[in-house]
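If you read the protein sequences in the order shown, they are chains A and B.
Using my numbering, the first residue of the first sequence is number 8, and each one after it goes up by one.
Using my numbering, the first residue of the second sequence is number 8, and each one after it goes up by one.
Backbone N, C-alpha and C define an ideal beta-carbon position, used for all residues, glycine too.
Below: the structure, in structure tokens.
2 protein chains.
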Amino acid sequence: MKRRAFIQKAIPAVLATGFLASCRKEESGAPAIVTQPHIEWRLASSFPRSLDTLYGAAEVFCKRLAEMTENRFRIRPYPAGELVPGLQVLDAVQQGTVHVGQTAGYYYTGKHPALAFETTVPFGLTMRQQIAWLTQAGGLGLIGEVLSDFNIIPFYAGGTGAQMGGWFRREVNDLKTLKGLKMRIPALGGEIMSQMGVNVQLLAGSDVYMALERDAIDATEWVGPYDDEKLGFYKVAKNYYYPGWWEPGASLSLYVNQKAWQQLPSSYQAAFNAANAEAALYMLSKYDEQNPAALTRLLAHGVNLRRFPDDLMAEAERHAVAIMEERAAKEASYAKVYAQWKKFRAESFQWFDIAEQSYQAFAFRQRS
Amino acid sequence: MKRRAFIQKAIPAVLATGFLASCRKEESGAPAIVTQPHIEWRLASSFPRSLDTLYGAAEVFCKRLAEMTENRFRIRPYPAGELVPGLQVLDAVQQGTVHVGQTAGYYYTGKHPALAFETTVPFGLTMRQQIAWLTQAGGLGLIGEVLSDFNIIPFYAGGTGAQMGGWFRREVNDLKTLKGLKMRIPALGGEIMSQMGVNVQLLAGSDVYMALERDAIDATEWVGPYDDEKLGFYKVAKNYYYPGWWEPGASLSLYVNQKAWQQLPSSYQAAFNAANAEAALYMLSKYDEQNPAALTRLLAHGVNLRRFPDDLMAEAERHAVAIMEERAAKEASYAKVYAQWKKFRAESFQWFDIAEQSYQAFAFRQRS
Chain A
8 MKRRAFIQKA IPAVLATGFL ASCRKEESGA PAIVTQPHIE WRLASSFPRS
58 LDTLYGAAEV FCKRLAEMTE NRFRIRPYPA GELVPGLQVL DAVQQGTVHV
108 GQTAGYYYTG KHPALAFETT VPFGLTMRQQ IAWLTQAGGL GLIGEVLSDF
158 NIIPFYAGGT GAQMGGWFRR EVNDLKTLKG LKMRIPALGG EIMSQMGVNV
208 QLLAGSDVYM ALERDAIDAT EWVGPYDDEK LGFYKVAKNY YYPGWWEPGA
258 SLSLYVNQKA WQQLPSSYQA AFNAANAEAA LYMLSKYDEQ NPAALTRLLA
308 HGVNLRRFPD DLMAEAERHA VAIMEERAAK EASYAKVYAQ WKKFRAESFQ
358 WFDIAEQSYQ AFAFRQRS
Chain B
8 MKRRAFIQKA IPAVLATGFL ASCRKEESGA PAIVTQPHIE WRLASSFPRS
58 LDTLYGAAEV FCKRLAEMTE NRFRIRPYPA GELVPGLQVL DAVQQGTVHV
108 GQTAGYYYTG KHPALAFETT VPFGLTMRQQ IAWLTQAGGL GLIGEVLSDF
158 NIIPFYAGGT GAQMGGWFRR EVNDLKTLKG LKMRIPALGG EIMSQMGVNV
208 QLLAGSDVYM ALERDAIDAT EWVGPYDDEK LGFYKVAKNY YYPGWWEPGA
258 SLSLYVNQKA WQQLPSSYQA AFNAANAEAA LYMLSKYDEQ NPAALTRLLA
308 HGVNLRRFPD DLMAEAERHA VAIMEERAAK EASYAKVYAQ WKKFRAESFQ
358 WFDIAEQSYQ AFAFRQRS
């Protein structure tokens, strides 16, 4: 009875069997006993379930983390709107309402304009260049400095690749065609389009299809073939323009509350990083697998692929550069990120123009 | 004394403190007690330490895995030659001499020609397409079928991106220039070069520089600016050709012994997968960060960048297709992988030629 009483005091009943079993194994040389806290976090995403490659990556991330830690470190993901509105994820992480956010820096350029570089900017880096800049060339460090004012640590968390230019009811043959065109296009892309005469419309994602169908807008951009197909734009606008020069390599981020992060054991920080890397790899490769098949289906629906005219893109790039230079002249903390990014872009464009670009230009052309 | 005797029997002394401490915490609601075995594995790489982005990724992988599991699951990496020769990694994993290998499938086309698709084939997929094919479009499943005969499970483990065409002492202006040219180039690329009249040389990596310097060979291929610069080829051959159409998206693999894998707890399998994903992301982004700066330095050394003539590449592609079609006609298990891969390539080339390629063609051109 004495022994039994001791066991019950020292070992919660539910754990006793496991403990004794593990000790027996330990004596024969196999498993060890370790202590790791149970932690449960919440993740708020800026994306709805319907964007299943974006939101799906958050689910992959949470699932892997739980598997790795045998459910001791669990993060529960919530799509946009369930805990907080999609565009208030930064605020929720900053305030500690949630521990993690899956979002994109360029939603928060109102808080700091340099956060655009974290995601993508018009005529900016391609996807692989963006990943290299963020994770290896100091990009995340610079963005982290900006976000430390918000008690947030950023992580690269996957991307979409180059996006499409969107759906146009009528053809866009030159700059003149843009004048007065009613287009739904957010952020810097919208700012540039507006400077080129476009009547830029701000619409929630859920309202875009109906607006296009009812002629309330003439054009809209979205993501790429896989996501665009689901919204059915091809039914009401047959001209599918490319490239989406305003989002050449859009990358997403996980934002983590600084205090929450510091309270994690280092093994959980490592697990977080690795699970996030796996989800990031998943997101981009899933897009790269799904987009080709979706494009084939869209073409079968009679969609016309059209390339933006060179003079339109050249004009757009002039506006993009002017906007960035102007901001850099005004704000030192923006200028710091911009200068480092610009140097990286120049060298990276030089290299990728050689082996990658010349191979693709040749190989893809042989196909047609 | 009775209590003490019980504790010593049930709990190895070294663990007792930790256990009791954790029980106390458990009663107040914090950490749980879990059992996870101590496992130590060995990894043999096909690459030397000097290829520090390739071999470095194996080190990153092992480090992350140890961090995540608090050193309970440790894998020790060994560079090529320390445990087994670089090109015998498959055999070592198959026989269980090592648990894991970091290698490339195309080293083992003598065992099964379809293993070329696991890494890269001439005029094959670009890096992102290769990753998508392997991890999302069933590629690793098909390769896994081939490798199950060798008791091996394959994992995608990072890549180099499109490689360069290599270093030539004299210019290659047309197909005629290739006749009799002594070039060090292995694998399928060598087979095609040989069919185009090149005198293909097989040399170990360590002998290539001296052979080029002493005019024993006229040309050699290696990897890309970052790795090539370290070997100093620019000192003895000034013409740096692109693209390396024989390795447009070279990807590496981890090979795991099937029995060893099955003995892992599922949480360790998950940790393995995630640590590997992080290392894979590291490898490619490290190359994408290092190559641009290395190219700038090579140009400062007076290196001449030269593009392979179109007719040479078109002829090479005809040979590549003929070789693959011929093998498919001979061998059903090769034909199965080839057919699925070919369909994926066609659709993937169609999509990447639109948004990605048109953006890059425009953006990179603006630079110059």
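Handout entry: Cβ-based neighbour list, residue 103(A), same chain, cut-off 6 Å, excluding 5 preceding and 5 following
Key = 264
Handout entry: Expected contact under 8 Å - CB spacing of residue 50(A) and residue 84(A) to nearest Å
Key = About 4 Å; that satisfies the 8 Å criterion.
Problem - Where residue 75(B) meets chain A, residues with beta-carbon distance less than 7 Å - result: 75, 274, 277, 278, 281
Handout entry: Three-way DSSP call (helix, strand, coil) for residue 104(A) in this model
Key = coil
Handout entry: Continuous alpha helix (DSSP H) assignments of at least 4 residues falling wholly in the region 299-362 of chain A
Key = 317-337, 339-359
Practice task
Output, in chain order, the set of chain B residues within a Cβ distance shorter than 8 Å of residue 59(A).
Solution key: None at all; the shortest Cβ gap to chain B is about 13 Å.
Problem - Separation of residue 194(A) from residue 238(A), as counted between CA atoms - result: Near 21 Å, if we compare the C-alpha coordinates of residue 194(A) and residue 238(A).
Exercise for the section: Mind checking the region 295-321 of chain A against chain D and listing, in chain order, the residues whose C-beta falls within less than 9 Å of any C-beta there? Expected result: No chain D is present in this structure, whose protein chains are A and B.
Handout entry: Length-filtered (3 minimum) beta strand (DSSP E) runs lying within the region 38-115 of chain A
Key = 38-44, 46-52, 80-85, 107-110
Problem - Three CB pairs or more closer than 8 Å across the region 285-295 of chain B and the region 135-144 of chain A - result: yes
Exercise for the section: With a 10 Å radius around its C-beta and 16 neighbouring C-beta atoms as the bar for buried, classify residue 161(B) as buried or exposed. Expected result: buried
Exercise for the section: From the DSSP output, read off the bridge partner residues of residue 260(A). Expected result: Bridge partners of residue 260(A): 110(A), 163(A).
Handout entry: residue 268(A): contacting residues in chain B (beta-carbon distance under 7 Å)
Key = Ordered by position in chain B, no residue passes the 7 Å Cβ test against residue 268(A), which lies about 15 Å from the chain.
Handout entry: Classification of residue 244(B) by the beta-carbon crowding that lies within 10 angstroms, buried from 16 upward
Key = Per the 10 Å Cβ criterion, buried.
Exercise for the section: Report the three-state DSSP secondary structure of residue 175(A) (helix, strand or coil). Expected result: In the structure shown, residue 175(A) sits in a strand (DSSP, three-state: E or B).
Problem - Three-state class that DSSP yields for residue 139(A) in the structure shown - result: In the structure shown, residue 139(A) sits in a helix (DSSP, three-state: H, G or I).
Handout entry: Proximal residues to residue 266(A) (C-beta, below 8 Å), its chain only, five neighbours per side dropped
Key = 103, 158
Exercise for the section: Determine which residues of the region 356-371 of chain A have a Cβ less than 8 Å from any Cβ of chain B, and write them out in chain order. Expected result: 356, 357, 358, 359, 360, 361, 362, 363, 364, 365, 366, 367, 368, 369, 370, 371
Practice task
Would you check if the distance between the CB atom of residue 186(A) and the CB atom of residue 205(A) is smaller than 9 Å?
Solution key: yes
Practice task
Verify whether the separation of the beta carbon atoms of residue 71(A) and residue 277(B) is less than 9 Å.
Solution key: yes
Handout entry: Within chain A, the residues that residue 201(B) reaches when beta carbons sit closer than 9 Å
Key = Result: empty, since nearest Cβ-Cβ is about 21 Å, beyond 9 Å.
Problem - Straight-line Cα distance separating residue 303(B) from residue 332(A) - result: 25 Å
Exercise for the section: For residue 35(B), decide whether its Cβ has a neighbour in chain A, counting only Cβ atoms nearer than 9 Å. Expected result: Unreliable positioning characterises residue 35(B) in this predicted model, as indicated by a pLDDT of 42, which lies under 50. The coordinate reading is nonetheless provided below. Judged by the 9 Å Cβ criterion, residue 35(B) is not in contact with chain A.
Practice task
Tell me, please, whether the region 169-185 of chain B touches the region 218-232 of chain B by the rule of three or more beta-carbon pairs shorter than 8 Å.
Solution key: yes
Handout entry: 9 Å Cβ cutoff met for residue 149(B) and residue 121(B)
Key = yes
Exercise for the section: Answer yes or no: do residue 287(B) and residue 168(B) have a C-beta to C-beta separation smaller than 9 Å? Expected result: no
Problem - Interface residues of chain B facing residue 285(A) [CB-CB closer than 7 Å] - result: Chain-ordered, the chain B residues with CB closer than 7 Å to the CB of residue 285(A) read 280, 281, 284.
Practice task
Count the other CB atoms, across all protein chains shown, that sit within 10 Å of the CB of residue 274(A); report buried if there are 16 or more and exposed otherwise.
Solution key: buried
Exercise for the section: Would you kindly work out how many angstroms separate the C-alpha atoms of residue 79(A) and residue 47(A), rounded to a whole number? Expected result: 8 Å
Exercise for the section: Check the Cβ-Cβ distances between residue 351(B) and every residue of chain A, and say whether any is below 9 Å. Expected result: The C-beta of residue 351(B) comes closer than 9 Å to at least one C-beta of chain A.
Exercise for the section: Return the CA-CA distance between residue 171(A) and residue 346(B), expressed in angstroms with no decimal places. Expected result: 29 Å
Practice task
Under 7 Å between beta-carbons, which chain A residues line up against residue 292(B)? List them in chain order, please.
Solution key: By Cβ distance, chain A contributes 138, 139, 142, 143.
Exercise for the section: Determine the contact status of residue 209(A) and residue 196(A), defining contact as a CB-CB distance below 9 Å. Expected result: no
Problem - 9 Å Cβ cutoff, residue 173(A) in contact with chain B - result: no
Exercise for the section: Report buried or exposed for residue 3(A), applying the criterion of at least 16 other Cβ atoms within 10 angstroms of its Cβ. Expected result: What the structure shows of chain A is the stretch from 8 to 375, and residue 3(A) is not part of that stretch, so it cannot be assessed.
Handout entry: residue 201(B) versus residue 203(A): straight-line alpha-carbon distance, rounded
Key = 55 Å
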